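Positions 0 to 240 (numbering that gives the first Met the number 0) are the ones given, in order, by the sequence shown.
A short worksheet on the structure shown next.
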Amino acid sequence: MTLGKIGTTLGKEIIAWTKTSGRSLLATRPVKVNTAGLRLSPQLEGDVVQINKTIQKRAGTILNTRTGLQEPIMFSDLPTEMEKTKIYELTAYNQNNDAIGRVSFKKLLRRNEAPTLYIQYFGTAGGYKGIGSEMIRKLVQLSKNLGMDGRIKLEASTGSIPSRFRFKGLSDKCNTSAVIQYKKMGFNADKWTEEILQEEMASGGNGIRRAMTGLGYNEDIFGAVEMDLSEDAINKFLKGI
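See below:
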């Protein structure tokens with residue numbers, strides 16, 4: 000048996016992130032490497048790679064639920080300024096340049112309220128985890144850059160997504176469970192709605208309508224729940240957490 004084969008047998012399989020071509024100069028993709036091949040660079044293993052079994056979520060990546068690997072996520076260009084009445088869109092892509100997420104948004108100006116970035120439609124593709132959070136991260140950065148301090152508002156709605164907004168593989172979650180998903184991203188609703196959301200999250204359920212009906216409310220009361228991204232969530236997204 001050659002020394003090379005011994006090294007392959009005894010080394011650990013790791014995942015290295017390498018720069019690749021694509022929509023972003025910062026785009027990376029995972030490449031399998033064996034630590035035996037790094038024996039001439041002892042510092043490299045600890046500095047630029049992660050052991051496959053302990054890969055953690057990091058900003059700019061999503062989890063491919065089919066492979067169990069973190070992958071880079073890329074985006075279409077963001078506006079450098081926003082007109083008051085114009086609707087804008089942000090599209091997310093996987094490393095194969097397939098559209099996997101899309102969000103439409105505008106600048107919301109209300110009397111006696113600070114300017115806020117308002118999400119109109121929001122959709123993601125199946126097969127991944129973390130697409131929504133990464134799109135929110137980009138919008139928080141945009142809101143910050145355009146003088147809105149990272150503020151984002153949306154209405155979790157049971158309405159349908161229009162055909163012009165759809166893309167192949169879209170997972171339409173415009174139902175009451177979307178309220179829970181936005182809550183997990185860091186969005187908060189009004190006080191009495193928050194109590195229901197906390198109960199649902201604690202029980203691991205999405206039965207918002209059942210919970211509200213049990214309290215004597217009409218089940219359609221969750222047709223549109225206005226939610227604001229919390230200050231803590233804004234700070235975490237800006238820090239890349």
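All residues carry an ideal CB built from backbone N, CA and C; glycine is no exception.
Model, not experiment: these values are computed from the prediction.
Check, Outcome
"Pop quiz: Thr60 and Pro71 are said to be a contact at Cβ under 8 angstroms. What is the actual Cβ separation, rounded to whole angstroms?", "6 angstroms"
"When DSSP labels each residue in this structure, what does Arg136 get in the three-state scheme?", "helix"
"If I'm right that Leu138 touches Val102 with Cβ under 8 angstroms, what's the distance once you round it to whole angstroms?", "7 angstroms"
"Buried or exposed: Ser162, going by 16 or more other Cβ atoms within 10 Å of its Cβ?", "exposed"
"Ignore the nearest five residues each way along the sequence and tell me which others in Gly100's own chain have a CB closer than 6 angstroms to its CB.", "Ala91, Thr123, Ile130 and Met134"
"From Lys152 to Leu62, what distance separates their C-alpha atoms?", "26 angstroms"
"If you draw a straight line from the C-alpha of Arg136 to the C-alpha of Asn187, how long is it?", "16 angstroms"
"Rounded to whole angstroms, what is the Cα-Cα separation between Glu194 and Glu154?", "17 angstroms"
"With distance defined between alpha-carbon atoms, name the residue in Thr115, Ala201, Glu82 and Asp76 nearest to Asp227.", "Thr115"
"Under the DSSP definition of a beta bridge, which residues are partnered with Ile61?", "Glu70"
"Compare the C-alpha of Tyr181 against each of Phe121, Asn234, Glu198 and Gly239 and name the closest.", "Phe121"
"For Ile233, which residues from the same chain have a beta carbon less than 6 angstroms from its beta carbon, with the 5 sequence-adjacent residues on both sides left out?", "Val139 and Gly149"
"Can you tell me which residues form a DSSP beta bridge with Ile147?", "The residue you asked about is not Ile; residue 147 is Met in the sequence shown. Met147 is not bridged to any residue."
"Rounded to whole angstroms, what is the Cα-Cα separation between Ile118 and Met200?", "23 angstroms"
"Any idea if Ser202 is buried or exposed, counting beta-carbon neighbours within 10 angstroms, 16 or more meaning buried?", "exposed"
"Answer with buried or exposed for Gly239, where buried requires no fewer than 16 other C-beta atoms within 10 angstroms of its C-beta.", "exposed"
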